[in-house]
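All remarks here apply to the structure that follows.
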Amino acid sequence: MTSVVPIRAVLFDWGDTLFESPHAPRVMVSYARERGIRLDDDEAERMWDELWHAGKTPEEHAKGRDLSRDAHRRVWTELFARKEAFIPGIGRVLYERVMEPSIWKPYPDAEPTLRALHDRGVKIGVVSNHAYDLRPVFRDAGLDRYIDAYALSYEIGVTKPGRGIFIEACRLLGVGPADTLMVGDDATSDGGATEAGLRFHLLGPYGRGGERGLVRVVEIVDASRAVDA
C-alpha cells in the first residue's frame, strides 16, 4: 500500500489565481482613443503582455513594490510608463484602472472551489505579494467566509518566493508545510513554496472571463486523501 500524506490546507495566490484583473489592453485602447491616438487591439495585447511579463522578473520583484503602498504605486507606475512614448500618461492610467484591487473580480470557479475545500474541512489561506489589505476584497466578493488566514507581504515583511512567507502562512493555519498545497500562476514566485517544504500546483493558461482550472485543486486534495490498496 502506498502512503500519501493527506493535504490538510491549501494556500492560494490572489491575482491571476483566484481573481482576474480588468482587461488591461482594453484600458489601453480606450485611453489611447481619449487622447486621439490610434491603437489596435493586437498591438495593445502585445504591449501589455510585454509589461506584465516584465513585472514578474526578479529585477522588478527586488524593488520592494509589495512591501508598502507608496512603493507599489511608484514601481508599477514606472514600469507601465515604459509605454508612455507611445501613449503619454499611460503609466498612471494603467495603475489606477487595472491595479486597484477592489476592481478585480473572482474567476467563475473560485467560489465553487473554495466552498468544496471548506466543506471537506480543508484549511484555506491566501498568500499574496501585495501592498494592500485584501480582506475587504474577499469580503465584498462574498468569499471571506472560506478564508482562514491571510499572509500578505506588506504585513509580514517578506515577499514570495522567500520561504518565510509560506512558513508564516502555515503557522497562521496551524498546519505543517508537508500537509499543505500552494496554488498559483507564477512558477518562480509561487513555486518558491517548494523550498519551504510545501507541495505546489501551477495553474495553466486560461481564457479571459472563463474558469481558471481550479477544479483540479479539489481533485489533488481528494487524491491525497485516497488510500491505494
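Each residue of the sequence shown is one higher than the last, beginning at 9 in the working numbering. The beta carbon of each residue, even a glycine, is placed where N, CA and C say it ideally should be.
Could you say which of 192, 93, 151 lies nearest to residue 212 if we only look at CA atoms? 192
Any idea which residues DSSP pairs residue 23 with across the strands? 27
Does residue 190 come out as helix, strand or coil in the three-state DSSP assignment? strand
Between the CA atoms of residue 43 and residue 155 - distance to the nearest angstrom: 42 Å
So for residue 237, helix, strand or coil by DSSP? Confidence in residue 237 is poor, its pLDDT being 35 and thus under 50, which makes the residue's placement unreliable; the coordinate value appears in the next sentence. Residue 237: coil per DSSP, three-state reduction.
Can you give the Cα-Cα distance for residue 118 and residue 220, rounded to whole angstroms? When the Cα atoms are used, residue 118 and residue 220 turn out to be separated by approximately 8 Å.
Between residue 239 and residue 205, what straight-line distance do the alpha-carbon atoms span, to the nearest angstrom? An answer regarding residue 239 cannot be provided, because it is not within the stretch 9 to 237 covered by the chain.
Simplified DSSP assignment, three categories, for residue 155: If DSSP states are grouped into helix, strand and coil, residue 155 belongs with coil.
If we call anything under 8 Å between Cβ atoms a contact, is residue 87 one with residue 35? no
Rounded to the nearest angstrom, what separates residue 120 and residue 218 at their Cα positions? Whole-angstrom Cα-Cα distance: 14 Å.
At what residues does the beta strand (DSSP E) containing residue 132 begin and finish? Residues 131 to 136.
Buried or exposed, going by whether 16 or more other CB atoms sit within 10 Å of the CB of residue 197? buried
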